[in-house]
Each structure stands twice: as structure tokens, then as C-alpha cells.
Amino acid sequence: MLRFNDDAGPAGSVSSYSPAPQSSGASSSVPSPNRRGRVRNADFGMPGRDGLLDLARTYLEVQARLWPNLAGTAAVPAPDAATIAAMADDFERRFRQQHAERFRPGDTPIAWIALAVAYLRFSDENSNPRSLDQQLLNVLNRARRDGVFVPWHYVLADAAVSGTLACRTGYTLAKTIVERRDEFGVTWFLIDDLSRLSRNTIESLRLGELANETGVRVVGASDGFDSANPQSSLLLPVLGSMNEAFITQLRSKVKRGMDDAFRRGDNIQPPGVGYRLVGVKDPSGNLVITHKGTIEKRAEIDPEAAAWIVRGAEMIAREGKSPIELARLFNRQKVGGRQTWSDNMIRKLYSRERLVGREVFRTTRQEKNRTTGKVRYVKLPQDQWLVRQSPHLRILPDELADAVRTKLNLAAQSFGRTAKDRTKKAHRADLYPQGAHPPDLWRLRDADDLGAFARQVSELLLLQRAARDSWLYEPRLQVGPDHRRGGARHRHGDALHR
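Have a look at this one:
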């Protein structure tokens, strides 16, 4: 039985590859392979650790086969575990610091006629991580045909990042090397095909212009694109437009499919707190398998989390609790298996239509800045929303849900950052009568109340002075400096309440 306790507490070989030393400020954490919900930090777009180890191993094995006279040198060291780990560390450090390093062959015999930078990319978290290795294989084979060498320092990549964005870290580093070609000694820019480079026509043209200005040759290993070809000025905008159109059409097809799945009643969104996903069974009791080979699932109410949602609604609507107080309670009780509840998350929780057995889809539209990667959400008109009734998912009765939303909306209009009318429509004492304000001193609504408040403070000061002189009590009075309407901060000793 669920109890609502509001007061409950809470290798040993030496590597021949020597990367530059890692600075003390660099992070040593390994990125998680599960990149859903990633934050745009220094690791955004960096391949996972296992993927980097595979990429370094592929590089050494392929280069040793293509350049046998360089095998075992500083340029292509032996592929032992320590060397591969050091190469992965070097890639991570360059990626996080966004710093391109110059390749210094040292005593390595010069067996190449030119140096190249290689750029690799795959765009989706569900893509095959081996895609980077496959692209690198094609690029290295193409480079060897023309006697071009690709140092590990000049192998750059982005993982699970859309080609429509120009703010990719690996891509930006590759362009930096091209811009400073005299310093880095690079005369080739190698990719598997132009779609790996960018799916933004304008960005593709910008890179083409940069390559022309610096004299760097852009070559696609699979699609045959070569900026040295006189027809490249015609092919680049055509292929760039086709690559961008592919993404536009794909986005439209995905949207169409998701809309149809929602209308059919399929589950296409995470269940959210208060619900869970369970396998769908056929009349024989066997799990239903989808055409993708996965188990078909449906959403149902999670009894324990749903009970806390109902309890929280009652606390807000009938007991005068504020969202921040409810967030603290939810964190102590680990409602929904999390301890990151905040007042804003509480408001979002009770704004969900699913709580009253109504599901809504396509309420907003994303607008992404392809240069900076920033996303802006635009609210769509209600006549464009997709709505379906799901009475089996109702947790709150209409009366309780309306009372909670009315209370939260009134608080947002009165105190929220988006409040247009700064003249408060409600007072905290009315919305949250269980607050920490002392009696008779909270209701500061106008000048008369403020005058009454000042008189009571004067009386309290006189009482305090008399008590101190008589040595009978040791009262405490602290009037906070903030005398804004809606309440001030007070602490009173026991004697002052008598």
C-alpha cells in the first residue's frame, strides 16, 4: 500500500605513438554511447570511446597495408593496444579543445607527394557506428592512388550530427586546417562523398569557395567529385542541392509516417511520468512482433507514480502547496524514479493533456539555425494540432485537473517571467496560504496594509526592547530588506508570539 508521507527524508607495452600531453583542464570522462537527449557541450558530436578505438585500429591496419615502407614508423606505428589507446586519447583531446595540430613527420621517410585532411560523418544515433571506419577505408584507398598521405592528426569526424548544421566541431576543425594550409601543409580535402561534407547547399558552396581561395583540392572517394575537374563549379551546387533535397523529403516522409501512426493509436512518444510501456499480446497471449522485429508496446498507467500525481494535485489545489514544495516532496520520494524535480517540471507535468485522457501531438514546430545550431520552438495554432481521446490513460478527474491548472496559471500570470501585467492579479498569501509568512503580516496589498504593517513592526520593536531590558525573554526579530508587496521576510522569537 502506498503511503503519502510528506515529511519523509531523502597493457604494458610501450607505444611508439606519442600524442601531445593532455592539459589539466581537459575532461577524462568517456562519452556515453547512448546519446539521446545530449547537451551541446565539448563532447557533442564526438564518437564514442569504442568507436574511436575501432577507428584508430582501422587507420593503422589500412595505412600499414597501403604504405608498407611507413609501417612501424612514427607516422604509422605498430597497432598495439597502447598505441591505439593513445591515438583515441589524442583525438578526444583535439576534439574537446577544438585545436588542430600540425603533423610533424620527424625522421619518417617522405614517401608521399602531398598531405590531406580527411573528414568523416554519420548523422543519426541509430546509424551503424562502423560507418566512420567504412568511410575512412574508402578515403585512404582513394588517397593512396594519388600518392597522398592522411596523417592521424588530420583525421576528423562527427558522430550523430546532422549535415544540415555548419557548427559541427570536426567539420570546423577541418575547415581551419584548410584555411591555414600553408601552416599545416595540406593540399587535399578528402571525403567519402559530398553528402558527408554537408547537406546544406549554401555551406557546400562556401567550402568550395574556401578551397578555391586556398588552392586545396576537394575530392570525394565514392561519388567521384573532384574540384580539379573543370565541371566541378557546375557539379557542386547541383550535388549540394540534391543532398539538401534528400533531407527535406526524408523529413517530410518521417512527419507523414508519425502523423499516421498517431491517428492509428500507436505509441510514438515516451510515456512520461505516471505511465509505463508494456508489451502488446495477441488473443493467444503471445507478444506481438513488429515488422522491424521488435516487440510492439502500448502505454498504460503506472499505479505508484499515478498515485503521487493525484496526491500532488490535491496538495496544490486544496492544501495551498506551491510547485516548489511539491518538487521537494517528489525528489524525496523519487517519484518517477528521478530526483531532479523542479517547480518548472511540476508545472509541465500538470499541463499534460494525457492526465485527463486526451493526447495531443504536433503542438509546436522546430526552427533550427543551421549556422549556430540553436533551436527555436514555435507554437502552432490549435486547428493544426492532432488530438485523440485515450480514456484508459486518465489519471486526474476534470474537476481536480482544472483546479490545479487554474492555480498554476494564475501564479504564472502574477509572478512568472512571462507575466505581461506587472500589477499582480493574485497574492502569494492567497495562492499558497501554507507559506512561511507569519500571521497578520503577509497581506500587503495597498498603502493601508503597508501602514498597518509598519505599525505592527513598531509594536514588535517596543516589545523586544522591553523584553531585553527586563531579562525575561530573548526574542529575535529580523525584518528583511525586501518590503515588496506580497510579503517580507520575518523571524520571531517565541516571546513575540505570546
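So in this note's numbering, the last one in the sequence shown is 1198, and the numbering has no gaps at all.
Just so it is clear, CB atoms sit at the ideal spot from N, CA and C, and this is done for glycine as well.
Take the Cβ of residue i as the centre, count every other Cβ of all protein chains shown within 10 Å, and call the residue buried at 16 or more, exposed below.
{"i": "Ala781", "result": "exposed"}
{"i": "Asp926", "result": "exposed"}
{"i": "Phe946", "result": "exposed"}
{"i": "Gly745", "result": "buried"}
{"i": "Leu1172", "result": "Note that Leu1172 scores a pLDDT of 43, beneath 50, so its modelled location is shaky; the value from the coordinates is reported in the next line. So Leu1172 ends up on the exposed side."}
{"i": "Ala843", "result": "buried"}
{"i": "Arg896", "result": "buried"}
{"i": "Ser1215", "result": "The structure shown does not extend to residue 1215, since the chain is modelled only from 701 through 1198, so no value can be given for it."}
{"i": "Val1227", "result": "Residue 1227 is absent from the structure shown; the chain starts at 701 and stops at 1198."}
{"i": "Ala857", "result": "buried"}
{"i": "Thr783", "result": "buried"}
{"i": "Leu987", "result": "exposed"}
{"i": "Ser952", "result": "exposed"}
{"i": "Asn900", "result": "buried"}
{"i": "Gln687", "result": "Examination of residue 687 is not possible in this model, given that the chain is present from 701 through 1198 alone."}
{"i": "Ser831", "result": "buried"}
Which first and last residues belong to the alpha helix (DSSP H) in which residue i is found?
{"i": "Arg964", "result": "Ser932 to Arg964"}
{"i": "Ala857", "result": "Run containing Ala857: none in the alpha helix (DSSP H); it sits in the beta strand (DSSP E), Val855 to Ala859."}
{"i": "Leu1029", "result": "Pro1023 to Gln1033"}
{"i": "Lys875", "result": "Thr869 to Glu879"}
{"i": "Phe889", "result": "Counting along the chain, Phe889 falls outside any alpha helix (DSSP H), though it belongs to the beta strand (DSSP E) covering Val886 to Ile891."}
{"i": "Arg794", "result": "Ala781 to Gln797"}
{"i": "Asp743", "result": "Run containing Asp743: none; DSSP gives neither H nor E here."}
{"i": "Leu770", "result": "Neither: Leu770 is in no alpha helix (DSSP H) and is coded neither H nor E."}
{"i": "Arg896", "result": "Leu894 to Leu897"}
{"i": "Asp1043", "result": "Asp1043 to Tyr1050"}
For residue i, which of the options has the nearest alpha-carbon?
{"i": "Ile1060", "options": "Pro1081, Lys1048 and Trp1085", "result": "One detail in the question is off: residue 1060 reads as Val in this sequence, not Ile. For the residues Pro1081, Lys1048 and Trp1085, the minimum Cα distance to Val1060 belongs to Trp1085."}
{"i": "Arg793", "options": "Val988, Thr876 and Arg749", "result": "Arg749"}
{"i": "Glu903", "options": "Ser862, Trp1008, Trp767 and Gly1012", "result": "Ser862"}
{"i": "Gly870", "options": "Ala775, Asp882 and Val855", "result": "Val855"}
{"i": "Leu753", "options": "Gly806, Trp1041, Asp833 and Ala816", "result": "Asp833"}
{"i": "Ala775", "options": "Ala742, Ile810 and Arg1038", "result": "Ile810"}
{"i": "Asp807", "options": "Lys955, Pro971, Leu770 and Ala1013", "result": "Leu770"}
{"i": "His1092", "options": "Tyr1050, Asn1069, Gly965 and Asn828", "result": "Gly965"}
{"i": "Val878", "options": "Ala921, Ala866, Asn900 and Gly908", "result": "Gly908"}
{"i": "Thr1071", "options": "Ser898, Asp1098, Ile995 and Arg1062", "result": "Ser898"}
{"i": "Ile1095", "options": "Asp846, Gly1012 and Phe795", "result": "Gly1012"}
{"i": "Arg1105", "options": "Asn1069, Asp959, Asp1043 and Ile1016", "result": "Ile1016"}
{"i": "Arg881", "options": "Leu1029, Ala866 and Glu913", "result": "Glu913"}
{"i": "Lys1068", "options": "Leu1029, Arg1038, Ala866 and Leu760", "result": "Ala866"}
{"i": "Asn967", "options": "Met942, Glu944, Ala999 and Gly993", "result": "Ala999"}
{"i": "Glu1019", "options": "Pro851, Leu760 and Ala1103", "result": "Ala1103"}
{"i": "Ala818", "options": "Leu1029, Trp1041, Ala1027 and Asn841", "result": "Asn841"}
{"i": "Pro970", "options": "Val850, Gly772, Pro851 and Arg1052", "result": "Arg1052"}
{"i": "Trp852", "options": "Thr864, Arg845, Arg804 and Thr872", "result": "Arg804"}
Determine, using beta carbons only, whether residue i and residue j come nearer to each other than 8 Å.
{"i": "Gly1036", "j": "Ala859", "result": "no"}
{"i": "Leu1055", "j": "Ala1005", "result": "no"}
{"i": "Leu939", "j": "Leu894", "result": "yes"}
{"i": "Gly915", "j": "Thr876", "result": "no"}
{"i": "Asp1002", "j": "Arg976", "result": "yes"}
{"i": "Gly974", "j": "Ile1009", "result": "yes"}
{"i": "Ala911", "j": "Phe889", "result": "yes"}
{"i": "Ile891", "j": "Val848", "result": "no"}
{"i": "Tyr1077", "j": "Gln1089", "result": "no"}
{"i": "Ala921", "j": "Asn828", "result": "no"}
{"i": "Ala764", "j": "Met787", "result": "no"}
{"i": "Ile995", "j": "Gly985", "result": "no"}
{"i": "Ala742", "j": "Arg796", "result": "yes"}
{"i": "Thr1063", "j": "Lys1079", "result": "yes"}
{"i": "Gln835", "j": "Leu820", "result": "yes"}
{"i": "Leu766", "j": "Pro779", "result": "no"}
{"i": "Tyr1050", "j": "Leu1108", "result": "yes"}
Can you give me the start and stop residues for the beta strand (DSSP E) that residue i sits inside?
{"i": "Gln1089", "result": "Leu1086 to Gln1089"}
{"i": "Ile1001", "result": "Lys997 to Ile1001"}
{"i": "Thr901", "result": "Where Thr901 is concerned, there is no enclosing beta strand (DSSP E), although the alpha helix (DSSP H) it sits in stretches over Thr901 to Thr914."}
{"i": "Val762", "result": "First-last for Val762: Arg749 to Leu766, but that is the alpha helix (DSSP H), not the beta strand (DSSP E)."}
{"i": "Lys1079", "result": "Val1075 to Lys1079"}
{"i": "Arg1058", "result": "Arg1058 to Phe1061"}
{"i": "Arg1065", "result": "Thr1064 to Lys1068"}
{"i": "Leu977", "result": "Tyr975 to Gly979"}
{"i": "Arg917", "result": "Arg917 to Gly920"}
Checklist entry - Can you list the beta strand (DSSP E) stretches of 3 or more residues lying completely in the stretch 802 to 834, in chain order? => result Correct list: 814 to 822.
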